[in-house]
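Just below is one structure, and these are the notes that go with it.
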Amino acid sequence: LYGEEVVAFVVKKNPDVKESDIIEYCRNNIAWFKCPKEIIFVDELPKNSVDKVQN
1 LYGEEVVAFV
11 VKKNPDVKES
21 DIIEYCRNNI
31 AWFKCPKEII
41 FVDELPKNSV
51 DKVQN
């Protein structure tokens with residue numbers, strides 16, 4: 001994809017999890033082109049008025 005990157009927004013349940021742990025897990029379990037280049041940790045995912053996660 002030209003000019004686009006895969007990014008993952010993650011809500012941590014375990015405070016010991018690091019960005020490198022998630023990227024390594026992805027590399028071992030999904031196709032290389034689906035692996036995120038960057039992990040962004042957030043407190044919660046944004047939801048719309050009917051409580052669905054926004055795209």
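Every letter in the sequence shown is one number past the one before it in UniProt numbering, and letter 21, counting from 1, is 21.
All C-beta atoms, glycine included, are put in the ideal place defined by N, C-alpha and C.
Note that the coordinates shown come from a computational prediction; the quantities given were computed from them, not determined experimentally.
First and last residue of the alpha helix (DSSP H) that includes I39?
-> Residue numbering aside, residue 39 sits at position 39 when the sequence shown is read from its first letter. Careful: I39 lies outside any alpha helix (DSSP H), inside the beta strand (DSSP E) at E38 to V42.
So, helix, strand or coil for K18, using DSSP?
-> By one-based count along the sequence shown, residue 18 stands at place 18. Coil at K18, not helix or strand.
Below 8 Å CB to CB, which residues in the same chain sit around Y2 once its five sequence neighbours on both sides are set aside?
-> Residue mapping note: residue 2 aligns to position 2 of the sequence shown, counting from 1. If we look at Y2 and ignore the five residues flanking it on each side, it has no Cβ neighbours.
Tell me, which residues are paired with A8 by DSSP?
-> Counted from its first residue, the sequence shown places residue 8 at position 8. A8 pairs with I39.
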